[in-house]
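Reviewing the structure listed below.
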Amino acid sequence: MTLLTARALTLRIGDRPLCTGLDFALERGQFWALLGANGIGKTTLLHALAGLRGAEGGIVAMEGRDVREWPGRTLARQRGVLFQDSQDTFPGTVFETALAGCHPHLPFWALEGAREFESAVRALQAAELGGMGARRIDTLSGGERRRLAIAALLVQDPLLWLLDEPANHLDLRHQVGMLAHIVSRVRERNGALIMALHDVNMALRHCTHAALMIDAATILCGSMQEILNAENLERMYRCPVRRIVNGDGREFYFPD
Amino acid sequence: MTPHMPGDAVPRSVNWAAAVCLFAVVAMAAILAALCSGSVAVEPAQVIAALVHGGDDLMARIVLDLRLPRVLAGFTVGGLLALSGALMQVLLRNPLAEPYVLGISGGASAFALAAIALGLGSAWMHAGALAGALFSMFLVFALPRAGGNWDPLRVLLTGVVIAAGWGAVISFLLAVAPAAQVHGMLYWLMGDLGQARFSYWSLGLLGGAVILSLAMGRSLNLLVHGELQAAALGVSVAPVRGVVYFLASLTAAAAVMEAGSIGFVGLIIPHAVRLIVGADHRIVLPLCVLSGGTLLVIADALARTIVAPQQLPVGVLTAMLGVPAFLLLLRTMARAQRT
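Here's what the structure looks like:
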């Protein structure tokens, strides 16, 4: 079933086109990697897909309805966004920050109750932040803060996850662990995921599909087998890329 | 069974109901103390008797007719200022925002002082203050938007520059005003409750603003993490921002109109409250109102008594009390967090 579609999507910042006439469909059960060079517009595209910014042309539709027309809280129960960085002007506690994820699930007058508290505790444990609930978030390390943002997203529990460089600041173990946890969570709900990444091998490990942003007019979309190859990667990153196949058949890409 | 680890089950940094009760009791004690003190000392028992039974004796009339209106007006003004400061800090996502820093009080002062300098009546002065505050608020928030996006830092800078501009206008007015008017102008500038009278209108505004901002409480908490983050969690950012802007302007304008330009309350009280109870605005905002009111009531009681029969402008006292208390709190809390 199609969850999210983009039709003839055109995005511009100022006069600079980031994508022109993109057609794209994201089905339930799919895991997409959004790859591209620095500054090519991965974040802007993710924001447009999430309905956080309007499009200069075309339309993004969630379950057939324009994302910009969805009521905010209803949309927030459908899709969750992990941003590249977090702003903490008046830092609260770790627990409060995770709990914020339940906002779309509660009417505005309601206070969080036992169910929300429990969900936040479980999310914190999944993010390996158990026992840190009372800490102020400005005392966390970069990686811990990142895991907390993911925990808040686990509390939000959306169907479609849009992640902007989810592995930022995470150590090797957490890069693998956090993403594996998210992927299993998405599978459980038969949801979908799209994440902007720089690590091609991580995309290979977790994703079924990829969108390669080469330039505004050329965004290659398709299954991993179809479009992820050394030739396309070289074209996209404009540097030589080598493909290595492991003994167990898994493939890896490295700069040559 | 709930998965449970020590340190996780911390739904609230403090017990909200207990905190509100404690702050309310302190506020009432401050009001009682303020009603007792003045040029004629009145016993607390007499004050309570007057409040409960009314009465026509001298003490009851002093308490009910002279002190109560001023004390309640002081409480309302303090609450309005603290609430306005807290809301502006959320709106601009900046700990430095408050009506005084953003030039709201400056605009009100310039217009009100012009009315005083021209020898117009107090109705004109009040109307001028209201118009000046709203005009300034409009300038601060409309000018930076002309360029396109809403950028909190640009709004803050605009406010600071506009405040400096009003400062120059005020100096000019003080320089050219007739000598007879200058004393009144200075008192207005420093903030003075001498002319303030309790009005149901301000109290109603304060109550309404608290209820409305509590209803938006969770949205305010999310807005502090940035507008995109808030929008991603389903907050309708533009309407919420509009309501916060409207409430912050109106509360600041009402406070300034009532009592002149009182600095520091809007800055210090919200930060002090956050240091004590954490960052959740559903508890921060009501406690701001209670403690802002309390600070102003105490400051005004001291302003009336310490150099009696002369009265000091209350703005001097709020700063003299507030600044050292805040610095002490900041130090204590910083030490507590490190351990």
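Protein chains in written order, with this note's numbering: chain F, 1369 to 1624; chain Y, 708 to 1046.
Heads up, the beta-carbon is just placed ideally off N, CA and C, and yes, glycines get one too.
Check your understanding: Within 8 angstroms (strictly less), CB to CB, does Pro-993 of chain Y reach chain F?
Key -> no
Practice item. May I ask you to check if the CB of Gln-1017 of chain Y is nearer than 7 angstroms to at least one heavy atom of the ligand SAM? Key: The model depicted lacks the ligand SAM and carries no ligand whatsoever.
Review point. Taking a cut of 9 angstroms between CB atoms, which residues from the stretch 938-952 of chain Y lie near chain F?
Key: Ala-938, Ala-939, Leu-940, Gly-941, Val-942, Ser-943 and Val-944
Review point. Could you give the residue range of the alpha helix (DSSP H) that holds Leu-1403 of chain F?
Key: Taken as a continuous stretch (DSSP letters only), Leu-1403 of chain F belongs to no alpha helix (DSSP H), being part of the beta strand (DSSP E) at 1399-1404.
Point to revise | Within chain F, the residues that Pro-751 of chain Y reaches when beta carbons sit closer than 8 angstroms | key: Those do not exist, as Pro-751 of chain Y stays about 37 angstroms from chain F at its closest Cβ, beyond 8 angstroms.
Review point. Does any residue of chain F bring its CB to less than 8 angstroms from the CB of Arg-925 of chain Y?
Key: yes
Review point. Are the Cβ atoms of Ser-968 of chain Y and Ser-816 of chain Y separated by less than 8 angstroms?
Key: yes
Review point. At a CB-CB cut-off below 8 angstroms, which residues of chain F make contact with Pro-802 of chain Y?
Key: Thr-1457 and Phe-1458
Check your understanding: For Leu-1386 of chain F versus Ala-1579 of chain F, is the C-beta spacing smaller than 8 angstroms?
Key -> no
Review point. According to DSSP, what are the bridge partners of Ala-740 of chain Y?
Key: Paired residues: none, contrary to the question.
Practice item. Please name the residue or residues paired with Thr-1457 of chain F in a DSSP beta bridge. Key: None, per the DSSP bridge assignment.
Review point. With C-beta atoms as the reference, is Leu-1530 of chain F less than 8 angstroms away from Ala-1416 of chain F?
Key: no
**Study point:** Residue(s) in a DSSP beta bridge with Leu-1613 of chain F
**Key:** Before going further, note that residue 1613 of chain F is Val rather than Leu in the sequence given. Val-1613 of chain F pairs with F:Glu-1619.
**Study point:** Per-residue burial, Met-897 of chain Y [other beta carbons within 10 Å of its own, 16 or more giving buried]
**Key:** buried
Exercise for review: Sort out for me which residues DSSP pairs Trp-908 of chain Y with in a bridge.
Suggested key: DSSP, once it has assigned bridges, lists no residue as partnering Trp-908 of chain Y.
Practice item. Give the straight-line distance between the Cα atoms of His-1566 of chain F and Gly-1404 of chain F, rounded to the nearest whole angstrom. Key: 7 angstroms
**Study point:** Residues near Tyr-1605 of chain F in its chain [Cβ-Cβ closer than 7 angstroms; skip 5 each side]
**Key:** Ala-1405
Review point. Given a threshold of 16 other Cβ atoms within 10 Å of its Cβ, counted over all protein chains shown, does Val-883 of chain Y qualify as buried or as exposed?
Key: exposed
**Study point:** C-beta contact flag for Pro-1526 of chain F and Gln-1446 of chain F at 8 angstroms
**Key:** yes
Practice item. Grab me the residues of Ser-1487 of chain F's own chain with a C-beta within less than 6 angstroms of its C-beta, minus the 5 sequence neighbours each way, in chain order. Key: Val-1523
Review point. Helix, strand or coil: which one does DSSP assign to Gly-985 of chain Y?
Key: coil
Practice item. Look at the Cβ atom of Met-766 of chain Y, then the Cβ atom of Val-749 of chain Y, and state whether they are nearer than 8 angstroms. Key: yes
**Study point:** Cβ pair Leu-1371 of chain F, Leu-1413 of chain F closer than 8 angstroms
**Key:** no
**Study point:** Among Y:Met-1040, Y:Ile-738, Y:Arg-981 and Y:Gly-914, the one whose alpha carbon lies nearest that of Arg-774 of chain Y
**Key:** Y:Ile-738
**Study point:** Arg-1504 of chain F versus Gly-1510 of chain F: straight-line alpha-carbon distance, rounded
**Key:** 13 angstroms
Check your understanding: Is there a Cβ from chain Y that is less than 8 angstroms from the Cβ of Val-1449 of chain F?
Key -> yes
Review point. With a Cβ-Cβ cutoff of 8 angstroms, do Val-996 of chain Y and Leu-758 of chain Y count as a contact?
Key: no
Exercise for review: May I ask which residues mark the beginning and end of the alpha helix (DSSP H) holding Leu-1565 of chain F?
Suggested key: Element bounds for Leu-1565 of chain F: not the alpha helix (DSSP H) but the beta strand (DSSP E), 1560-1565.
**Study point:** Selection of the stretch 898-930 of chain Y by Cβ proximity to chain F, strictly under 7 angstroms
**Key:** Ala-922, Arg-925, Asn-928 and Leu-929
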